[in-house]
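The next block holds one structure in the form of structure tokens; read it before the comments.
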Ligand code: FAE
């Protein structure tokens, strides 16, 4: 079967599963064989047996926890090698509209679908003109975006089939080779840049904007204004590749297709245009017929199975948080793809409670926020940034070569729907500070010991760059967007990385030291910084590691 047909079938099965309200599903092989005309066929989804029943059938060959980038690569490559895969995802499937015709919440009138069991939205831009007009009360529900609040920093993550791909800004950036070599010196960079980055970019569907279209697009005036000011101030800019379909973007502007990026959609989910993982890697994985996805299943505990391999405690909830079942599941091989927070939390807890006593001291260490900080400038009235702004950034100021304060500042929109004269930036900075996940026996919780002061260098470095632009333009910072009169938002990150570092907590391919058959496949392998937005690197590294694991660890059927 060709890849594109497999992807079509997998994608259709993901839609059909949601249409039939299935919380556990795979591809129905019989339906797949008969639906060669590529029409939507509700029979494409194979309802899977309840997890409790599956647990009675003995040890599973392979379980993947989490359906983000690392988990999706693991599921696809294991399945292609012939291994049946059970994927456990704590969020829900986001492929079918609810009664109001929408899959995701409206950005400007958010409801429970926006956030993971919160009573009020917690958007990164929390105020406008200093007023609390952005966030609103919502029903507690298994929504798509989570903000995990630690004392020193808040971390945004995606929840649902596709993990962060459901909520992120689609920026698909391959890191600079010299910095990649600095961060992960044990990885063969030639192989990464010749083989694994190109493969990841292809399967993710990374594409590039046509510069001529960009110059004429009303929705990117905000980016051109910020670019021109950067150039006038002596900085370089670059286009940022994206997994948002750039043709769709162009058609949105002409009103030929329904608007999504041009309708303020991003952090609470995009209805159109975005090549999230459920349309790429996960569709391919389900399309193999060997991957079964269980949604709304949170893994709460990992320990050694008396049968050999691992024993998982899994809690099934409904969309409103009601506990439906607690199940124990044995597996031979376990792949941790729960993201930097999820994987680190489970493994730190397992080590410190004695469930996996052979886990080493490196588990939980080396966490960083990829130097994320945000800031905004107020332009003069004669430099409008446009009332129509696309949510998908396509350009960044590249000052990474600076000798003392490398900064990659993405030019991000502020799509309020009216002219706001704002130029906004997401800074990726080089901050050497790191934090550790620690188990607190008194509360049974895992905490991250990052302190706000550790962000001082990132704040200083982004300001140093933007100060130059402000001086040149005669402009000032906006102080009304991040709460408390802040100039630079230093209290949250979109890019959690590390906690189970490659070569430290694991060997050089993600095998967890001291625990045969246990693997880490997600962003927790990367030591806190990668200099650009991380998902392409997470995906490419997972591709590289899985190829080795399948070849050497008896993972092929
Ligand atoms: P991730 O995608 O977070 O997937 C982990 C999955 O595991 C999630 O679906 C969880 O629900 C699930 N999970 C966690 N714990 C459990 C458990 N105990 N049991 C079952 N399931 C569990 O991990 N990156 C870019 O490169 N470009 C961007 O433009 C960009 N923009 C972003 C914007 C936002 C608002 C956010 C939140 C992130 C953004 N990122 C961006 C970061 C990117 O999405 C992130 O690095 C990757 O998603 C991380 O991939 P992982 O595979 O590590």
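Numbering (this note's numbering), first residue to last: 2 to 558. Idealized CB from N, CA, C, for every residue including glycine.
- C-alpha of residue 363 to C-alpha of residue 327: approximately 30 Å in a straight line.
- Residue 411 sits in a strand when the DSSP states are folded into three classes.
- Rounded to whole angstroms, the gap between the alpha carbons of residue 242 and residue 109 is 27 Å.
- Going by DSSP, residue 184 is part of the alpha helix (DSSP H) stretching over 178-184.
- Rounded to whole angstroms, the gap between the alpha carbons of residue 183 and residue 531 is 9 Å.
- Of the residues 128, 279, 498, 151, the one whose Cα lies closest to the Cα of residue 161 is 279.
- Sorting 361, 417, 411 by C-alpha distance to the C-alpha of residue 237 places 411 at the top.
- In this structure, the alpha-carbon of residue 264 lies about 8 Å from that of residue 391.
- Exclusion of the five residues before and after residue 444 leaves no residue of its chain whose Cβ lies closer than 6 Å to its Cβ.
- Nearest neighbour of residue 224 by Cα position, chosen from 9, 426, 493, 13, turns out to be 426.
- Ranking 92, 13, 22, 75 by CA distance to the CA of residue 300 puts 92 first.
- In the DSSP assignment, residue 460 falls within the unbroken alpha helix (DSSP H) covering 457-474.
- The shortest CA-to-CA distance from residue 155 to any of 102, 450, 307, 521 is the one to 450.
- Of the residues assessed, residue 29 falls on the buried side of the cut-off, its CB having 16 or more other CB atoms within 10 angstroms.
- Taking 7 Å as the cut-off, the beta carbon of residue 503 is found no closer than this to the beta carbon of residue 535.
- Annotated as distal: residue 294 and residue 116, with beta-carbon spacing of 7 Å or more.
- Beyond the five residues adjoining it in sequence on each side, residue 481 comes within less than 7 Å, by CB distance, of 128, 129, 130, 131 in the same chain, given in chain order.
- In its chain, beyond the 5 residues on either side, 537, 540, 541, 544 have a beta carbon closer than 6 Å to the beta carbon of residue 201.
- Distance from the CA atom of residue 269 to the CA atom of residue 95, rounded to whole angstroms, is 11 Å.
- Exclusion of the five residues before and after residue 477 leaves 378, 379, 471 as the residues of its chain whose Cβ lies within less than 8 Å of its Cβ.
- Of the residues assessed, residue 383 falls on the exposed side of the cut-off, its CB having fewer than 16 other CB atoms within 10 angstroms.
- The DSSP-derived three-state label of residue 534 is coil.
- Relative to residue 58, the option among 124, 308, 165, 408 whose CA is nearest is 308.
- Distance from the Cα of residue 298 is smallest, within the candidate group 292, 90, 284, for 90.
- For residue 90, the shortest separation between its Cβ and any heavy atom of the ligand FAE lies below 6 Å.
- Only exposed fits residue 50, as fewer than 16 other CB atoms lie within 10 angstroms of its CB.
- For residue 339, the Cβ falls inside the 6 Å cut-off from some heavy atom of the ligand FAE.
- Going by DSSP, residue 517 is part of no beta strand (DSSP E) at all; its letter is neither H nor E.
- As the crow flies, the alpha-carbon of residue 136 is around 5 Å from that of residue 122.
- The DSSP-derived three-state label of residue 311 is strand.
- In this structure, the alpha-carbon of residue 99 lies about 12 Å from that of residue 107.
- Residue ranges of uninterrupted beta strand (DSSP E) with 3 or more members, entirely inside the segment 216-243 and ordered along the chain, are 238-240.
- For residue 78, the enclosing alpha helix (DSSP H) stretches over residues 70-81.
- Distances from the CB of residue 495 to the heavy atoms of the ligand FAE include at least one below 6 Å.
- For residue 418, the closest C-alpha among the options 437, 385, 436, 408 is that of 385.
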